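First residue of the sequence shown? That's 13 in my numbering, and the numbers climb one at a time after it.
Think of the CB as a built atom: it goes at the ideal place given N, C-alpha and C, for glycine as much as any other residue.
Since this is a predicted model, take the numbers as computed values, not measurements.
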Amino acid sequence: MGCAEISQLTTLHRTRIAPSPTGALHLGNARTFLVNWALARQNGWEILLRIEDLDGPRIKRGAAEQAIDLLGWLGIDWDVGPIYQSDDLSPYQQAMSRLATAGDAFVCKCTRREIEAASRSAPHGEDHELRYHGTCRPAAATSVAAEEVDLASSGWRLRAPEGEQAFVDQFAGPQSIDVNATVGDFQVWTKGGLPSYQLAVVVDDARQRIDRVIRGDDLLGSTPRQVVLYERLGLAPTPEYWHLPLVRGEDGRRLAKRHGDTRLAQYRSQGVGPERVIGLLAAWSGMGGSCPMTAKEFAAAFRLGDLPHNDVVFRASDDAWLLTK
Ligand code: GLU
Numbered sequence: 013m014g015c016a017e018i019s020q021l022t023t024l025h026r027t028r029i030a031p032s033p034t035g036a037l038h039l040g041n042a043r044t045f046l047v048n049w050a051l052a053r054q055n056g057w058e059i060l061l062r063i064e065d066l067d068g069p070r071i072k073r074g075a076a077e078q079a080i081d082l083l084g085w086l087g088i089d090w091d092v093g094p095i096y097q098s099d100d101l102s103p104y105q106q107a108m109s110r111l112a113t114a115g116d117a118f119v120c121k122c123t124r125r126e127i128e129a130a131s132r133s134a135p136h137g138e139d140h141e142l143r144y145h146g147t148c149r150p151a152a153a154t155s156v157a158a159e160e161v162d163l164a165s166s167g168w169r170l171r172a173p174e175g176e177q178a179f180v181d182q183f184a185g186p187q188s189i190d191v192n193a194t195v196g197d198f199q200v201w202t203k204g205g206l207p208s209y210q211l212a213v214v215v216d217d218a219r220q221r222i223d224r225v226i227r228g229d230d231l232l233g234s235t236p237r238q239v240v241l242y243e244r245l246g247l248a249p250t251p252e253y254w255h256l257p258l259v260r261g262e263d264g265r266r267l268a269k270r271h272g273d274t275r276l277a278q279y280r281s282q283g284v285g286p287e288r289v290i291g292l293l294a295a296w297s298g299m300g301g302s303c304p305m306t307a308k309e310f311a312a313a314f315r316l317g318d319l320p321h322n323d324v325v326f327r328a329s330d331d332a333w334l335l336t337k
């Protein structure tokens with residue numbers, strides 16, 4: 013193998029498509045996944061499919077298999093996986109032990125109700141995590157001996173750094189977010205014995221060599237938490253991030269059941285073909301009027317520079333167009 017080939021191998025970038033099987037794939041997730049896939053195929057990045065199935069009670073039986081099936085139906089493929097987070101908890105346990113023994117995390121005994129009551133007046137926007145009021149935070153960082161780190165029945169939080177964290181998003185531009193002011197000491201381990209979303213994503217992105225992250229901008233606010241975890245776990249460098257606007261209903265809220273049934277499975281069962289779905293996603297991605305096309309045609313024509321920076325609005329006319337025979 014010549015030098016040029018070796019250097020090409022070592023610089024191969026890798027992204028991931030990471031559905032959470034907490035609900036069915038809808039037009040909103042599909043647009044993010046399609047853009048992620050098209051950017052990867054245009055740039056020669058590897059794609060790993062990761063099923064984020066650690067969100068206990070919210071996981072729906074059969075949703076992971078259905079998501080995999082629907083991605084294939086759309087024409088989205090991948091090079092590695094599917095890898096299921098729930099298959100092996102040991103990498104998350106090791107990372108959590110490291111945080112606890114380093115004094116970067118503390119056990120939190122507060123109930124959700126207590127946190128809700130304390131954070132009622134604090135803004136938390138679209139974040140899933142409420143701001144923590146600090147009741148269980150020790151005054152100084154306190155390390156815990158490895159054999160005393162309880163990961164079976166204690167919830168753990170990370171000591172949030174003070175001040176703004178700055179990073180540059182490749183799509184949304186320069187960002188500056190204060191973790192302490194927005195969510196405070198955030199959750200890294202649940203009482204149920206599982207890593208939080210933030211910890212699991214960082215551990216996986218690092219060990220799976222993901223250096224290109226493309227996802228919905230509802231997760232923009234999570235990024236500085238993830239960057240802090242990279243630092244505390246000694247896992248730098250962090251990936252490059254592209255946060256894309258979400259698809260919303262006409263009321264401005266994130267696409268959900270209240271906007272009608274936009275599940276891909278529902279359209280497929282009504283005889284809508286994947287080319288029609290991709291045609292709509294293309295129109296939402298700055299590629300002109302709706303015109304049916306395959307995923308490969310989408311990847312050939314898509315230009316990130318044309319992707320609108322404002323949120324996409326799903327309208328009744330889009331639904332009608334999909335269902336046009
Ligand atoms: N599993 C998350 C979702 O479906 C994506 C997480 C991520 O991309 O970091 O919204």
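Subject >> Local conformation of G317 per DSSP, three classes >> reply: Looking at G317 - three-state DSSP - the assignment turns out to be helix.
**OP:** Measure from the alpha carbon of A158 to the alpha carbon of each residue in R280, T113 and A129, then state which is nearest.
**Re:** Of the listed residues, the one whose Cα sits closest to A158 is T113.
Original post:
Of the choices A332, D273, Q106 and L319, whose alpha-carbon is the least far from that of V161?
Top reply: The candidate whose alpha carbon is nearest that of V161 is Q106.
**OP:** Can you have a look at L267 and say buried or exposed, based on whether 16 or more other CB atoms are within 10 angstroms of its CB?
**Re:** By the 10 Å Cβ count, L267 comes out buried.
Original post:
Considering D190, what are the terminal residues of the beta strand (DSSP E) in which it resides?
Top reply: Taken as a continuous stretch (DSSP letters only), the beta strand (DSSP E) holding D190 covers G185 to D190.
Original post:
Under 9 angstroms, do W254 and D323 count as touching if we go by C-beta distance?
Top reply: When the beta-carbon positions are compared, W254 and D323 stay at least 9 angstroms from each other.
Subject >> CB of T44 within 9 angstroms of CB of I222, strictly >> reply: It is not a contact, given that the beta carbons lie outside the stated cut-off.
Original post:
Between L66 and the rest of its own chain, which residues show a CB-CB distance below 7 angstroms, the 5 nearest in sequence each way excluded?
Top reply: Contacts found: Q97, S98, L206, P207 and A212.
Original post:
How would the residue list near ligand 1 read, in chain order, if you kept each one whose beta-carbon is closer than 6 angstroms to any heavy atom?
Top reply: Taken from the N-terminal end onward, the list reads A30, P31, S32, E64, V213, R227 and L231.
**OP:** Could you name each continuous beta strand (DSSP E) segment of 3 residues or more that falls completely within the region 227 to 272, going from the start of the chain to the end?
**Re:** Every beta strand (DSSP E) of 3 residues or more that sits fully in the region 227 to 272 is shown, in chain order, as 252 to 256.
Subject >> Buried/exposed call for G68, threshold 16 Cβ in 10 Å >> reply: Here G68 is exposed. Its C-beta has fewer than 16 other C-beta atoms within 10 Å.
Original post:
Who are the near neighbours of K203 in its chain, counting only those whose CB is closer than 8 angstroms to its CB and skipping five residues on each side?
Top reply: The residues are S165, S166 and G167.
Original post:
Unbroken alpha helix (DSSP H) runs of length 4 or more, entirely within the region 69 to 125: which are they?
Top reply: DSSP runs (the alpha helix (DSSP H)) wholly in the region 69 to 125: 75 to 86 and 102 to 113.
Original post:
Would the beta-carbon of T250 fall within 9 angstroms of that of V259?
Top reply: In this structure, T250 lies away from V259, with their beta-carbon atoms at least 9 angstroms apart.
Subject >> Candidates A218, A79, H145 and W85, of which the one nearest R26 by Cα >> reply: Each of A218, A79, H145 and W85 was checked against the Cα of R26, and the nearest Cα belongs to A218.
Original post:
Which of helix, strand or coil does DSSP assign to I29?
Top reply: The DSSP-derived three-state label of I29 is strand.
Original post:
Do you know whose CA, among R169, F183, A295 and V47, lies nearest F118's CA?
Top reply: Looking at the Cα atoms, R169 is the closest of the given residues.
**OP:** Return yes when the C-beta of P186 is under 8 angstroms from any heavy atom of ligand 3, and no when it is not.
**Re:** With respect to ligand 3, the structure shown offers nothing to examine, as its ligands consist of ligand 1.
**OP:** Pick helix, strand or coil for D330, following the three-state DSSP scheme.
**Re:** If DSSP states are grouped into helix, strand and coil, D330 belongs with the helices.
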